[in-house]
Every structure is written in structure tokens, then in C-alpha cells.
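Asks: Have a look at the structure that comes next, please.
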Amino acid sequence: MGETPHRSADAGTGGTRVTQSHEWPAGASARVAEAPVSTRSPGGAGLGGGGALPRSRKFGAERAFRGLTLAAGTAVLVIIAAIAIFLIAKAVPALRANTENFWSYEGWSPNETQPKFGIGTLAFGTVLSSALALLMAVPVALGIALYLSHYAPRRLGTALGFLVDLLAAVPSVVFGLWGRDIFINPVRDFSVWLNEYFGWIPIFGGDGPFGKSIMLGALVLAIMVLPIITSLSREVFLQTPTANEEAALALGATRWEMLRTAVLPYGRPGIIAAVMLGLGRALGETIALALTLGITFGISFNLIQNGGNTIAANIANAFGEANETGRGALIASGLVLFTITLIVNITARAIIYRRREFTESAA
1 MGETPHRSAD AGTGGTRVTQ SHEWPAGASA RVAEAPVSTR SPGGAGLGGG GALPRSRKFG
61 AERAFRGLTL AAGTAVLVII AAIAIFLIAK AVPALRANTE NFWSYEGWSP NETQPKFGIG
121 TLAFGTVLSS ALALLMAVPV ALGIALYLSH YAPRRLGTAL GFLVDLLAAV PSVVFGLWGR
181 DIFINPVRDF SVWLNEYFGW IPIFGGDGPF GKSIMLGALV LAIMVLPIIT SLSREVFLQT
241 PTANEEAALA LGATRWEMLR TAVLPYGRPG IIAAVMLGLG RALGETIALA LTLGITFGIS
301 FNLIQNGGNT IAANIANAFG EANETGRGAL IASGLVLFTI TLIVNITARA IIYRRREFTE
361 SAA
């Protein structure tokens, strides 16, 4: 049955307390007794291990880095607020002088004695050209990204990825000049063909002229945002855990089924972020659209007739000849573009937050 534990001196008076040495693991009391006094815990209690933990420095590198990052994040918010305040302060006088409804009027004459201008046409053209550009660019970009990450040999994929990254560095004015002088001819011929055979569809109707249209501007925009979406999507696809891909293949999935069930769901938040970043680039593009659009005022869904205008392109074209009220009107349109971009980014963050389980599973 074993020996009865040795009682302390208090046991003779009816106490049942076991001595402290018997509360420790076997052999612990001997090791503590043999250990130097300096290695025992304060007060002689416990199993040693040194004294209290060293105090952290009051001003260490960690606190300095934390303060630096906090200041950087705060500076971003301050800059955004300052931009909004500046735009509002400059736009209010022009909006007060406007004699037409700013939201519904389809003309732009802020330099007259009786200023008349509206944002409806410009906002419509901005959203339409950007949405059409994404509609053309996103499928192609995702296809290129999947090929570079999962189909192409490693050396070829690396080389082609480097070329795609270089395409993103081309200035927008180069794209605009290329679209105006070179790409306009095939777009005009294609527009004539669409009008001849599909003119019964409103978006391809009209009697011409064709060329400098929403279609041309959207195609140039699609080529501009293509490398951004491709590069980010490719990096996201490469981060897919190998175990997920091998598990899908081990269950008998084909290469495409593996991509559809393992890679695309895992990279969905990254794809959304890439698309929204491309949309932000398209919404704010200026010179390329100023060179490729017909610059007319009027809301129309026709994609092939000469015309179309955007907020950024109108600012670039009209700022040089604008008076004080005209500059205020252009700044007011910039405030609308700023709001649209802010809404797009907030929406993207909300979508990514709802899909956060994919990012959490990666950790």
C-alpha cells in the first residue's frame, strides 16, 4: 500500500498538512536543496527558475515602431479628410451660382454669365466606360493569371509575368495616343460591322459617325487595367496551399476541376481586391479617355457612335479655359468622382470582410 506520507510537526496537534516538500514532484525537494540559493525563486517557494521577468524599456524599438505605424495610419485619414474639405470648400460657391439642377442637367456651361452645369452625363459616362472595361478585362486577366500560375512552365511563367508587370508601367498618355492614332481604325470598322448586322440592338444602333466612342475608350481602359488585375490575381493564385490542390487531384479531379474547387474559392477575396483596384484605375483615368472619346454631353447607351465623356476627361479638357466659377464646377465634379471612388473602395472592403473565412483559413 506504500508508506504513509511524513507529517509535519503540526500533525501531532491534529493537523493534516503535508510538508511542502511532499507537494512537489518526486526528487524536486532534493534538487531545490542542492541548487544554489541564487537560482531559487524569491522567498524560497517554488522550483527555482530565477527572479522576476526583466522590465520592458519605457521607450523601446517596439513602442517606437507602433507609434510610427499609428502616425502613418492617422496621416492617411487626415489626408483623406483634408481632400474632402478642400473639394467641398471650393465647390460650394460654384454650386450656389449654378442655375440648373446639378444632378440632372445634361449640359456643361459654367463659364457663362448664368452658369449652367450638371454631373449626370459625366457620371454616367464614367461608370459606363469603367464597367464595360472591366467586363472585357476581368475574364482575360483571370485566364492569363491561371495560365501563368498553374499551366505555364516555371521559366516561361516568370518571363511572361515580368512582361505583364512592365505593361502596367506604360504611361496612360501612350495608351491614349495609341488608341487615337492606331486602334481607332479597327474599332471603326468593327463598329460599322456591328451597326450593319446588329443595328436593331440599341447599343449598336445609330447612323454614325463611328470611331471615337465609348467602345474605343472602354477598350483602351481594358488594356490599361489588364496588367493590374493579372498581376495581383496571379500572386493570389500562387498562394493557394499545395495541400488543397493535391487533395483535389487525389480525389480524381481534373486540372480545371482542381482550379475551380480549390484555387478560385481560396483566391476569391484577392480577386475581388484586384478587380476593385482595376476599377479605381478606370474611374480616375484622364488623358487616355480625353484622347479617345468624342467628348459630348448627353446620356446614351449607344456604344459605337462618336460621343461619350467622363468626369476626369472633362476636367482635363475644360480646366485650361475655365473661369473662377468654371473651376469651382470642375472641382465639384471631382468631389463626385472622389465620392464614387470612396464608395467603390468601401464596398470592396465590405465584400472582402464577408469572405474573411478564406483568409483566416490560410493563416
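Numbering follows full-length UniProt numbering, in which position 65 of the sequence shown is assigned residue number 65; successive positions increment by one, without gaps. The beta carbon of each residue, even a glycine, is placed where N, CA and C say it ideally should be.
So who's on the other strand from S213, going by DSSP bridges?
Replies: By one-based count along the sequence shown, residue 213 stands at place 213. S213 pairs with N306.
Asks: Among V92, T230, L291, which one has its Cα closest to the Cα of A313?
Replies: The sequence position of residue 313 within the sequence shown is 313, counting from 1. Ranking V92, T230, L291 by Cα distance to A313 puts L291 first.
Asks: So, using beta-carbon positions, are I331 and K116 closer together than 9 Å?
Replies: Start at 1 with the first residue of the sequence shown, and residue 331 comes out as number 331. Start at 1 with the first residue of the sequence shown, and residue 116 comes out as number 116. Taking 9 Å as the Cβ cut-off, I331 and K116 do not qualify as a contacting pair.
Asks: Let me check understanding here. Comparing Cα to Cα, which of R180, G179, R268, G211 lies closest to L194?
Replies: Within the sequence shown, the letter at position 194 stands for residue 194. Nearest C-alpha to L194: G211.
Asks: From the DSSP output, read off the bridge partner residues of K116.
Replies: Counting from one through the sequence shown, the residue named residue 116 turns up at place 116. For K116, which the question treats as bridged, DSSP gives the partners S109.
Asks: Please list the terminal residues of the continuous alpha helix (DSSP H) segment that includes P269.
Replies: Sequence index remark: in the sequence shown, residue 269 carries index 269 (1-based). 268–284 is the span of the alpha helix (DSSP H), which, as asked, contains P269.
Asks: Between the C-alpha atoms of T359 and R255, what's the straight-line distance to the nearest angstrom?
Replies: Here residue 359 corresponds to residue number 359 of the sequence shown, with the count starting at 1. Here residue 255 corresponds to residue number 255 of the sequence shown, with the count starting at 1. Caution is warranted here: a pLDDT of 49 is assigned to T359, below 50, making its placement in the model unreliable, and the coordinate value is therefore given only provisionally. Roughly 23 Å separates the two Cα atoms.
Asks: Measuring alpha carbon to alpha carbon, tell me which residue in Y147, G179, I201, E324 is nearest I223.
Replies: For the purposes of this step, residue 223 is identified with residue 223 of the sequence shown, where counting begins at 1. Nearest option by C-alpha distance: G179.
Asks: Out of L283, I304, R349, which one is the CA nearest neighbour of T339?
Replies: As a working note, residue 339 is residue 339 in the sequence shown. Nearest C-alpha to T339: L283.
Asks: Using 8 Å as the Cβ pair cut-off and three pairs as the minimum, do the region 199–207 and the region 251–271 touch?
Replies: No, because fewer than three Cβ pairs between the region 199–207 and the region 251–271 fall closer than 8 Å, the two stretches do not touch.
Asks: DSSP three-state call for S300: helix, strand or coil?
Replies: Position 300 of the sequence shown, counting from 1, holds the residue named residue 300. Three-state result, S300: coil.
Asks: Do F183 and L216 have their beta-carbon atoms positioned less than 9 Å apart in this structure?
Replies: Along the sequence shown, read from residue 1 onward, the residue named residue 216 stands at position 216. Along the sequence shown, read from residue 1 onward, the residue named residue 183 stands at position 183. Against a cut-off of 9 Å, the Cβ pair of F183 and L216 comes out as a contact.
Asks: Evaluate contact between the region 143–162 and the region 234–243, counting only Cβ atoms and requiring at least three cross-stretch pairs below 8 Å.
Replies: Touching, yes.
Asks: How would you write the range of the alpha helix (DSSP H) that A318 sits in, first residue to last?
Replies: Position 318 of the sequence shown holds residue 318. Taken as a continuous stretch (DSSP letters only), the alpha helix (DSSP H) holding A318 covers 311–318.
Asks: Leaving out the 5 sequence neighbours to the left and right, which residues in its chain are closer than 7 Å to E106 when beta-carbon positions are compared?
Replies: Here the question's residue 106 lines up with position 106 in the sequence shown. The answer, listed in chain order, is G118, G120, T121, F297, G298, I299.
Asks: Taking all protein chains shown into account, do 16 or more other C-beta atoms lie within 10 angstroms of the C-beta of F175, making it buried, or fewer, making it exposed?
Replies: Along the sequence shown, read from residue 1 onward, the residue named residue 175 stands at position 175. It counts as buried.
Asks: Taking 8 Å as the cut-off, does the region 300–307 touch the region 271–285 (at least 3 CB pairs, one atom from each stretch)?
Replies: Flag = no, the region 271–285 and the region 300–307 do not touch.
Asks: How should N185 be labelled, buried or exposed, when 16 other C-beta atoms within 10 angstroms of its C-beta is the threshold for buried?
Replies: Along the sequence shown, read from residue 1 onward, the residue named residue 185 stands at position 185. Classification for N185: exposed.
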